Amino acid sequence: MKTKQKHTRLLILASGILLISILILLTVLPGAYTKTLPNTNNTRALIGIALAIVLRLSLLFGYVHIIRKIRNNTDVRGGTYILIGVLLLTLGLIDTDGAFAFLEHKDILYVSFLMLASIFCDLTAALLTFIAVAAKPASQQIQTAQDKKLLNGLLIGLGVIVLFFFAFPWGILLSLAFWIYLGITLKKNRSFFSPETEATIVEKLQKRIKGLLTVAVIALPVAIVGIVLHNVVSGKTGGEDSFYFYIGVIAEYIFVLASAGAMVTLLKGRQKQE
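Residues in the sequence shown are numbered from 0 upward in steps of one, following numbering that gives the first Met the number 0.
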């Protein structure tokens, strides 16, 4: 009982700290929007911070869901905690770039300081979440299919958002890590999917992943070549080359979206069929 109470308190504390992080980001929105560009409003800063808030709200929902399940004596797998912790670390690291960028605006230094405070809260909440995994009591019940679907839905939603809006470099790195993981899994197990999945469904999903892999393998080199040629041409002409730049960016997003589609397919195939 004491272990369960300690475990729950850690999660409640982590969710409370994450809530503070969200409130801090809300306070920097007006200054970042109105005072970071001369004679105009910074729409990109508004969108970026708003997206950061939405992602954190999604993780806060994840905390609430876990705490409710624990109080209902339903076991939640440790992978759920690790997922939330890793996403918090990722969001915190991504926001460090913006926090240091705002240091250049001397009239609104408070924006940078508050963003750094928000990042500190994110990292603290992530650390508490990892500690909660270690303090997690022994499993009492098997996770239900509904829990798995909710977890997979959260993973898919957040993953696609991160991959799409942070395509470079995070989307590229996460996509490469996914394909490497998939290759290692296939080498060890010869199959990506749950043994309970019907053979016809497995064959269909495997064809889909192979097709997405083909798209990804073609798109990644095109993206690299496009960006390299853009830099070379721009360096020689002294201007900004747009043709190769757009080719590189479009190919980059195709690679990321193909990887995201393969992730969704993999998660779908690993669910037990009802």
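Don't be surprised by glycine CBs; every beta carbon is placed ideally from N, CA and C. Model, not experiment: these values are computed from the prediction.
Nearest candidate by alpha-carbon position, reference residue i, set the options
{"i": "R207", "options": "W178, A261, L228, G97", "result": "A261"}
{"i": "T33", "options": "G91, I11, I46", "result": "I46"}
{"i": "A51", "options": "V224, L24, R43", "result": "L24"}
{"i": "V214", "options": "A31, F254, I21", "result": "F254"}
{"i": "Q119", "options": "V263, L228, L92, V248", "result": "At residue 119 the sequence reads Phe, which differs from the Gln that was named. Residue L92 is the option with its Cα nearest to F119."}
{"i": "W290", "options": "L265, T42, V63", "result": "What the structure shows of the chain is the stretch from 0 to 273, and residue 290 is not part of that stretch, so it cannot be assessed."}
{"i": "A31", "options": "A100, T73, K5", "result": "A100"}
{"i": "S258", "options": "S174, G182, I107", "result": "S174"}
{"i": "K5", "options": "T95, A133, I246", "result": "A133"}
{"i": "L115", "options": "A124, T95, L126", "result": "T95"}
Same chain, Cβ closer than 7 Å to residue i, five either side skipped, listed in chain order
{"i": "L58", "result": "L17, I83, L86, L87"}
Alpha-carbon to alpha-carbon, residue j and residue i
{"i": "L10", "j": "I66", "result": "7 Å"}
{"i": "I200", "j": "L113", "result": "50 Å"}
{"i": "I226", "j": "L102", "result": "29 Å"}
{"i": "L122", "j": "A98", "result": "15 Å"}
{"i": "G61", "j": "Y80", "result": "9 Å"}
{"i": "I48", "j": "S14", "result": "19 Å"}
{"i": "K267", "j": "Q205", "result": "11 Å"}
{"i": "R55", "j": "K235", "result": "43 Å"}
{"i": "A131", "j": "I21", "result": "21 Å"}
{"i": "V216", "j": "V224", "result": "13 Å"}
{"i": "L228", "j": "I171", "result": "19 Å"}
{"i": "V176", "j": "K209", "result": "Note that residue 176 is Ala in the sequence shown, not Val. Roughly 17 Å separates the two Cα atoms."}
{"i": "T89", "j": "L127", "result": "15 Å"}
{"i": "N71", "j": "V63", "result": "12 Å"}
{"i": "V232", "j": "A124", "result": "45 Å"}
{"i": "I107", "j": "A44", "result": "14 Å"}
Contacts around residue i, its chain only, beta-carbon distance under 6 Å, and the 5 residues preceding and following it disregarded
{"i": "F129", "result": "G84"}
{"i": "I69", "result": "T7"}
Proximity test, residue i beta-carbon vs the ligand NAP heavy atom, cut-off 7 Å
{"i": "G15", "result": "In the structure shown, the ligand NAP is absent, as is every other ligand, since no ligand is present at all."}
| said: Quick check on the DSSP output: what are the complete beta strand (DSSP E) runs of length 3 or more inside the stretch 4-85, in order along the chain? | reply: none
| said: Give the list of continuous alpha helix (DSSP H) stretches no shorter than 4 residues that lie fully inside the stretch 233-260. | reply: none
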